[in-house]
Amino acid sequence: MGRKVKRWLGVVLAVLFVVLCYLLIHAANVRKNPRADDSVMVAGLANALSNFASEYGRLPDPGRYWLETEGPEGAELLQILLGESGPTTTPQNPRLIPFLNIREARGKRGGLYYSAEDDRPYALYDIRGRPLRVALRTTDEKEFSVRYSGQDLVLQNRDFAVWALGEDGVEGTEDDLKSWE
Numbered sequence: 003m004g005r006k007v008k009r010w011l012g013v014v015l016a017v018l019f020v021v022l023c024y025l026l027i028h029a030a031n032v033r034k035n036p037r038a039d040d041s042v043m044v045a046g047l048a049n050a051l052s053n054f055a056s057e058y059g060r061l062p063d064p065g066r067y068w069l070e071t072e073g074p075e076g077a078e079l080l081q082i083l084l085g086e087s088g089p090t091t092t093p094q095n096p097r098l099i100p101f102l103n104i105r106e107a108r109g110k111r112g113g114l115y116y117s118a119e120d121d122r123p124y125a126l127y128d129i130r131g132r133p134l135r136v137a138l139r140t141t142d143e144k145e146f147s148v149r150y151s152g153q154d155l156v157l158q159n160r161d162f163a164v165w166a167l168g169e170d171g172v173e174g175t176e177d178d179l180k181s182w183e
């Protein structure tokens with residue numbers, strides 16, 4: 003092979019190496035640990051509920067004691083925790099304190115999703131695009147019962163439970179992320 007061909011081949015191989023490195027680094031960033039991202043969302047929502055209860059001496063009332071973080075009740079809960087005035091006549095967060103600090107979703111995955119119609123928070127999705135689940139205490143009893151994986155789970159000294167279904171999307175498996183553990 004001539005010098006020109008070897009030089010040309012060296013340049014092509016160097017460019018291919020740079021492109022391959024870029025693709026590998028980009029793939030590693032895209033496929034970073036989704037469990038960690040979901041864990042941040044579960045913990046963030048749990049902390050927001052805890053801080054709200056500390057500030058106001060009660061939990062927010064989105065209209066249901068068990069809900070997912072999408073749909074009318076989920077949107078109501080998110081708006082209350084974000085310090086936005088919701089559709090209720092009496093504001094539940096009258097000081098408009100933003101208790102929830104979670105990144106915005108990419109599409110409908112991995113964060114807060116805002117409605118295109120009115121730019122209000124509509125849902126909170128895990129990294130796979132599924133809503134988180136929330137149960138709120140509605141009584142003053144010490145025991146708090148949560149329906150989880152087809153069973154009533156009794157949680158002592160807790161006012162709420164937040165969980166994500168994990169990679170398999172099935173409730174009650176080892177990959178679930180729970181605020182009570």
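Sequential numbering from 3 applies to the sequence shown in our numbering. All residues carry an ideal CB built from backbone N, CA and C; glycine is no exception. Quick caveat: nothing in here was measured; it's all calculated off a predicted structure.
Assignment of E57 by DSSP, reduced to helix, strand and coil, places it in the helix class. Bridge pairing for P133: Y127 [DSSP]. Under the DSSP definition of a beta bridge, K180 partners with W165. Assigned with DSSP and collapsed to three states, D154 falls in strand.
Non-local beta-carbon contacts of P123 in its own chain, meaning distances under 8 Å to residues more than five positions away in sequence, involve A77, L80, Q81, L84, E86, L114, Y115, Y116 and S117 in chain order. Setting aside the 5 residues that flank it on each side, F101 is surrounded in the same chain by A50, N53, F54 and L83, each with a C-beta closer than 6 Å to its C-beta; the list follows chain order. Straight through space, the alpha carbons of D40 and V136 are spaced by roughly 14 Å. Within the same chain, and ignoring the five residues on either side of T175 in sequence, the residues whose Cβ sits closer than 7 Å to its Cβ are G168. When the alpha-carbon of E106 is set against those of L98, D121, P96 and R97, the nearest one is in D121.
Taking C-beta atoms as the reference points, V164 and L47 count as a pair closer than 7 Å.
In the DSSP assignment, G109 falls outside any alpha helix (DSSP H), carrying neither H nor E. Bounds of the alpha helix (DSSP H) holding E78 are G73 to L83.
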